[in-house]
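Chains as they are written, first to last, in this note's numbering: chain A, 15 to 254; chain B, 7 to 124.
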């Protein structure tokens, strides 16, 4: 009996089927918990799934490469999903046009603070160059942040982790920061969450109001766009 | 759904080709995103099938971050060595970003929104 089970495991562990199926099962379990907990930001399904999968892979002694051979089918969807972001943005264009100056001003200020403060603080505390380059796009949505990280010489997979942690910090803290600053306007609240905490911020903002969600979406898209142009340009300017 | 998925992939492919072909710093999917937005503006509307597929795909947006996130296991030693700068930088920077963005936008809204209405 035992050798047979081992044979099956040896076969399954080398096919993409296992990595893909386990990813979907774990994520749906994590999402179920998140839903049961009334969408408490502390129980966001992404960090939960990642933690569970890392434990499973470590216990079964499976390499990340083997796992990714299966999970890459889910990973691949990030590309078309990024293109698809144009669809929810389209109906918001009118609203956006009316607030174009505040939006551009906030985008520039927020973008500079997001990248500048992260790199500055990490540098002051002695982080390595690779970490600095990987942390710079931490407020940009993951697929684009990873692309930027790769282009400027960071580690895309490390960036993905930093982006996710940033998203979790953002959705937990946004309410307190914005209430402390007495910001009541939902467009402003949504925009700042979307700029700082990308996709996770959007999901959070939509739970507050349609307007907040729409502006969070605009913020994420504009941050993605502006940073994918500006980051490589800055690096090119400052590299001798 | 198949048609809409094909549209998204075609836009991504064109974006990727432009990005690589011209050596642009912008990732291919972002160029695809801009091109799709331009196409929707020209068309003056979103086709129903595309809207349904895009919404469905974006509903599971966070699932797509999981495989890359599991890559943390490759970086565990780096995170252990640099946990202090990484944690402090992420927490402080995120709070500062939310605050500064909100203050600047709030201030500009008050200055410019009324002027445009008049």
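A virtual CB, placed ideally from N, CA and C, is assigned to each residue, including glycine. Remember, predicted model here, so these are calculated numbers, not experimental data.
Check: Is the CB of residue 221/A under 8 Å away from at least one CB in chain B?
Finding: no
Notebook entry, point to check: Are the segment 37-57 of chain B and the segment 62-69 of chain A touching by the rule of at least three beta carbon pairs closer than 8 Å?
Noted result: no
Check: What is the C-beta distance between residue 36/B and residue 96/A, in whole angstroms, given that I count them as a contact (C-beta under 8 Å)?
Finding: 7 Å
Margin query: Measuring straight from C-alpha to C-alpha, what distance separates residue 138/A and residue 30/B?
Written below: 32 Å
Next item on the list: Report yes or no: is there a C-beta of chain A within less than 8 Å of the C-beta of residue 4/B?
Entry: The shown model of chain B, from 7 to 124, leaves out residue 4/B, and the question about it has no answer.
Next item on the list: Determine the chain B residues that contact residue 53/A at a beta-carbon separation under 9 Å, and present them in chain order.
Entry: Under the 9 Å cutoff, chain B gives no residues; its nearest Cβ is about 12 Å from residue 53/A.
Note to self: Rounding to the nearest angstrom, what Cα-Cα distance links residue 85/B and residue 127/A in this structure?
What the structure shows: 23 Å
Notebook entry, point to check: Quick check: the segment 96-113 of chain A against the segment 77-93 of chain B, are there 3 or more CB pairs under 8 Å?
Noted result: no
Note to self: Given a cut-off of 8 Å on the beta-carbon distance, is the pair residue 92/B and residue 243/A in contact?
What the structure shows: no
Margin query: Helix, strand or coil for residue 178/A? Go by DSSP, reduced to three states.
Written below: helix
Notebook entry, point to check: Alpha carbon to alpha carbon, what distance is there between residue 7/B and residue 102/B?
Noted result: 41 Å
Note to self: Please report the straight-line C-alpha distance between residue 20/B and residue 163/A, rounded to a whole angstrom.
What the structure shows: 22 Å
Note to self: At the 8 Å Cβ level, is residue 106/A part of the contact set with chain B, yes or no?
What the structure shows: no
Margin query: What are the residues in the segment 151-169 of chain A lying within 8 Å of chain B by C-beta distance?
Written below: 152, 153, 156, 157, 158, 160, 161, 162, 165, 169
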